[in-house]
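Take a look at the structure set out below.
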Amino acid sequence: MASFIVDLDGVLRRGNQTIEGAPELLDILEDYVIVTNNSTRTPHMYSEELGEIGLFIPPERIFTSAKATALFLKENRKYTTAWVVGEKGLVEEIQKIGYTITEDGECVVVGWDRTLTFQKLEAACLAIRNGAEFIGTNPDVTFPSEKGIIPGCGSILAFLEACTHQNPLVIGKPNPLIVELALQRLKDKNAYVIGDRLDTDIQAGITAGLKTILVMTGVETEKSLESSTTKPDFVFSNLKDLRDFILKLK
């Protein structure tokens, strides 16, 4: 059986709504991990939240950009303090590696934040301009919600780039680092990467040297696919067709 790295938002759910065919897709997956650029929740929070809409995924199969960012900092930096622009999922992961959250942190870690305030941005701007390293969990400018396409983490990063004239180090997709970390959880290292975004999911898979599958259930359109230089190996318009494809791989 093949292994799979599967995106969450735009593939399995849209906001608080399950995407048609998602439960049936999960039923046939054996060696898989959910890799999401969404940093707002911990794996346990995601598992509980997804279960409420019929998507039953154990926390150990969920890998977030917040977790990847914390692992990167733990293994590659000697900081002890950080200013965090983000929600509980990101704050908890940074605290788990022993960091103190403070406005004059040695680094500024920015994730998606639906509780964003000017005060948070002001503190981040000042810290970065004073020399703190600028780190982003993911570059997604937009987010597919049940209401429609709304601002994502990348929009917050763009604000801070504009006022600091600094570019962030982004840990999540399309950085292949998050894919490489996720592969450690799979038996078969030649995984397929499934996503709904060309610029993050598919690009990360290509850069990591893996086969890629785009599903047209999220942000992409036929027009954006045609005009993009990022080309997936396979494209499916819905999850039923994807499920049929995976069954043939067995």
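Note that the sequence shown covers residues 716 to 965 in this note's numbering.
Just so it is clear, CB atoms sit at the ideal spot from N, CA and C, and this is done for glycine as well.
Neighbourhood of residue i by C-beta distance below 8 Å, restricted to the same chain and skipping five residues each side
i, result
"H759", "P774"
"K902", "S718 and D746"
"L744", "F719, V721 and I961"
"L925", "I720, V894, N905, A906, Y907 and V908"
Limits of the unbroken alpha helix (DSSP H) element including residue i
i, result
"P891", "P891 to L898"
"T879", "C868 to T879"
"K739", "It is worth fixing the name first, because residue 739 is Glu in this sequence and not Lys. That run of the alpha helix (DSSP H) goes A737 to I743."
Spatial neighbours of residue i in its chain, beta-carbon cut-off 7 Å, leaving aside the 5 residues before and after
i, result
"L786", "L896"
"T932", "G725, V726, I734, D911, N953 and L954"
"I812", "A785, L788 and K789"
"C840", "L875, C878 and T879"
"A842", "W798, E818, D819, G820 and V823"
"T815", "T795 and T796"
"E861", "R729, G730, N731 and Q732"
"V934", "G725, T857, P859, I864, D911 and R912"
Local conformation of residue i per DSSP, three classes
i, result
"D903", "coil"
"D959", "helix"
"L884", "strand"
The beta strand (DSSP E) enclosing residue i, as first and last residue numbers
i, result
"D746", "D746 to T751"
"E720", "Contrary to the premise, residue 720 reads as Ile rather than Glu in this sequence. Segment S718 to V721, the beta strand (DSSP E) holding I720."
"V824", "C822 to V825"
Any non-hydrogen atom of the ligand PLP within 8 Å of residue i CB
i, result
"D742", "What this structure holds is no ligand at all, so the ligand PLP is not there to describe."
Neighbourhood of residue i by C-beta, 6 Å cutoff - its chain only, sequence neighbours within 5 removed
i, result
"G920", "V908 and T927"
"V885", "G851 and P854"
"T857", "I864 and G867"
"Q665", "Residue 665 is absent from the model: the chain starts at 716 and stops at 965."
"L765", "I772"
"T929", "For the sequence presented, residue 929 should be read as Leu rather than Thr. Here the set comprises I917, P947 and V950."
"W943", "The sequence shown places Ser at residue 943, rather than the Trp named in the question. The answer, listed in chain order, is L913."
"K782", "E808"
Which ranges does the alpha helix (DSSP H) cover as unbroken runs of at least 4 residues, wholly within the region 755 to 812, from first to last along the chain? Runs found: 758 to 766, 780 to 791 and 803 to 811.
Assess contact between the region 839 to 849 and the region 822 to 831, defined as three or more Cβ pairs (one per stretch) separated by less than 8 Å. Is contact present? yes
For the structure I just gave you, are there three or more beta carbon pairs, one from the region 801 to 808 and one from the region 763 to 774, closer than 8 Å? no
In chain order, what are the residue ranges of uninterrupted beta strand (DSSP E) at least 3 long that sit wholly in the region 915 to 956? Counting only unbroken stretches of 3 or more residues, the beta strand (DSSP E) elements lying wholly within the region 915 to 956 are 926 to 930 and 949 to 951, in sequence order.
Please give the ranges of any alpha helix (DSSP H) in the region 830 to 869, keeping only runs that are unbroken, at least 4 residues long and fully inside the region. 833 to 844
Any contact between the region 749 to 765 and the region 776 to 786? By contact I mean 3 or more CB pairs, one from each, below 8 Å. Verdict: yes, contact present.
Should the region 901 to 919 be regarded as contacting the region 941 to 950, the criterion being three or more beta carbon pairs within less than 8 Å? yes
Three or more C-beta pairs closer than 8 Å, one from the region 787 to 803 and one from the region 827 to 835: is that the case here? yes
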